[in-house]
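What follows is a set of notes on a single structure, which appears directly below.
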Amino acid sequence: MTTFYPTADTTVRWPIPPQVYFEQVNEGDDIPAVDFNLTVQRMIMFVGATRNYPGLHHNDRVAQKRGAAPGIFLQNNSCLMLWERVVSDWMGIYGRVRAATFRITEFHLAGDIIHVGGKIKRKWQEKGLNLVEIAMESKTPRRVGMTGTVTVALPSLKYPTTTPMWDRDGNATVVCQ
């Protein structure tokens, strides 16, 4: 005889952010910033998630021995993950990240609290897409550690239930939801 045990509800219910539309944004607008506490645990989880195992990112002695930094520091793709989180929370579920550029000027070290935010740099239409370029910045109270841009495609108020997509050549297509 088989015994069935009730299972816990493991559904994660995230609040869906409000949707931002192309017509609602203006050059110079700020996007909401988020502060991230860089604990050693969080940084090691980033290393495991990205499988970037060199000790520079999770071992103080290795980072110091190589002269890279005074301690473990946040890896490049983890910096971009934090930017994507901030941008995704702002633009809503129908927006799409198209491109990102960045320059790291200072290390983000374990124990830092990083303030990640951005400002709308420009907006334009190209190949059927409504594009917005956001000037991004990651900083601690002591220094700016990373600057760059994130370009996103936003839906239009004219077609609020469609998602702009593109093919490999960058031509826009529209997928109905």
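Residue numbers (the numbering used here): -3 to 173.
Note that the Cβ used here is the ideal one computed from N, Cα and C, for glycine as well.
Here the structure is a predicted model, which means the values were calculated and not measured.
How would you call residue i, buried or exposed, if buried means at least 16 neighbouring beta carbons within 10 angstroms?
| i | result |
| --- | --- |
| A149 | buried |
| I12 | exposed |
| T106 | The displayed chain sequence assigns Ala, not Thr, to residue 106. Buried: at least 16 other Cβ atoms inside 10 Å. |
| I130 | buried |
| F0 | The predicted position of F0 is uncertain, since its pLDDT is 49 and thus under 50; a value taken from the coordinates is nonetheless stated next. Classification for F0: exposed. |
| M142 | buried |
| V140 | exposed |
| P28 | exposed |
| D31 | exposed |
| V36 | exposed |
| N126 | buried |
| Q173 | With a pLDDT of 38 at Q173, under the threshold of 50, the predicted position of this residue should be treated as unreliable, and no value is reported. |
| K123 | exposed |
| D26 | exposed |
| L153 | exposed |
| I110 | buried |
| K115 | exposed |
| P151 | buried |
| G24 | exposed |
May I ask which residues mark the beginning and end of the beta strand (DSSP E) holding residue i?
| i | result |
| --- | --- |
| Q121 | 109 to 122 |
| V187 | Here the chain comprises residues numbered -3 to 173, so residue 187 is not present and cannot be evaluated. |
| F98 | 92 to 100 |
| F32 | 26 to 33 |
On the DSSP bridge assignment, give the partners of residue i in chain order.
| i | result |
| --- | --- |
| L105 | F69 |
| K135 | H111, V140 |
| N126 | Q121, L150 |
List the endpoints of the continuous alpha helix (DSSP H) containing residue i.
| i | result |
| --- | --- |
| Q37 | 36 to 46 |
Taking 8 angstroms as the threshold, find out whether the region 12 to 22 comes into contact with the region 85 to 98 through three or more Cβ pairs. yes
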